[in-house]
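In the working numbering, the protein residues as written are 255 to 460.
Read the structure below first, then the notes.
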């Protein structure tokens, strides 16, 4: 289905569906009204055909440095460049790295995504079940813990704006760690997970 003017380049349809965008190495031209129309029409069609629920948008790009450009974007001088908005509840960023295929697999399989999430939560003293909070919970020392391995851009933006100097631990994949250390306040500790260990835990083939 083609919507004239939309920047979408495809759809990932698995347990949920995600509208896929390719920003390459520059911010996309972006018209919220057009993208909202695309999303609505896709929801109607895919729910009829496969009973899929919307999972959000996936933005793919050349490297992890695009995350910083997206998060600080205000739409440009003409207001026609991409910046985070309410068209989608979640925007996930995935770079063109071989190891980043793990994000696609976790997003595509609800059962594996939940299994891995619960595995990480098993190391927490308390788990936060509020889906609108960026915190996953607290560790045994009462330190807030955040899971950023899916690169949910809205979640990262909320963490960036936190003013509480209590600090926190942020878990991500190795290829995401460098840019997160640049983005989040200095009192946060970024801890990297090796993708191959997740493959072994979930019984996936690389």
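C-beta atoms are modelled at their ideal positions from N, C-alpha and C, and glycine is treated no differently.
Note that the structure is a prediction, hence the values are computed from the model and not measured.
Neighbourhood of residue i by C-beta distance below 7 Å, restricted to the same chain and skipping five residues each side
i, result
"residue 306", "267, 270, 271 and 300"
"residue 409", "388 and 402"
Selected residue, minimal CA-CA separation from residue i, among the options
i, options, result
"residue 450", "379, 459 and 405", "459"
"residue 258", "438, 351 and 288", "288"
"residue 291", "318, 261 and 315", "261"
"residue 329", "409, 424 and 283", "283"
"residue 322", "279, 265, 422 and 454", "279"
"residue 446", "382, 378, 429 and 384", "429"
"residue 358", "383, 382, 303 and 309", "309"
"residue 378", "362, 294, 448 and 424", "424"
Euclidean distance between Cα positions of residue i and residue j
i, j, result
"residue 338", "residue 325", "7 Å"
"residue 341", "residue 286", "6 Å"
"residue 343", "residue 297", "14 Å"
"residue 346", "residue 407", "6 Å"
"residue 376", "residue 394", "11 Å"
"residue 397", "residue 334", "40 Å"
"residue 281", "residue 411", "17 Å"
"residue 465", "residue 384", "Since the displayed the chain opens at 255 and closes at 460, residue 465 lies outside it and no answer follows."
"residue 382", "residue 320", "30 Å"
"residue 303", "residue 416", "41 Å"
"residue 263", "residue 351", "18 Å"
For residue j and residue i, believed in contact at Cβ under 8 Å, the rounded distance
i, j, result
"residue 277", "residue 336", "7 Å"
"residue 427", "residue 403", "5 Å"
"residue 452", "residue 431", "Incorrect: roughly 15 Å between the Cβ atoms, too far for contact."
Residue j beta carbon less than 8 Å from that of residue i
i, j, result
"residue 312", "residue 274", "yes"
"residue 392", "residue 380", "yes"
"residue 414", "residue 438", "yes"
"residue 371", "residue 389", "no"
Same chain, Cβ closer than 6 Å to residue i, five either side skipped, listed in chain order
i, result
"residue 318", "349 and 433"
"residue 435", "444"
"residue 456", "366"
"residue 355", "none"
Nonlocal neighbours in the same chain, by C-beta distance under 8 Å from residue i, ignoring five residues either side
i, result
"residue 420", "397, 398 and 441"
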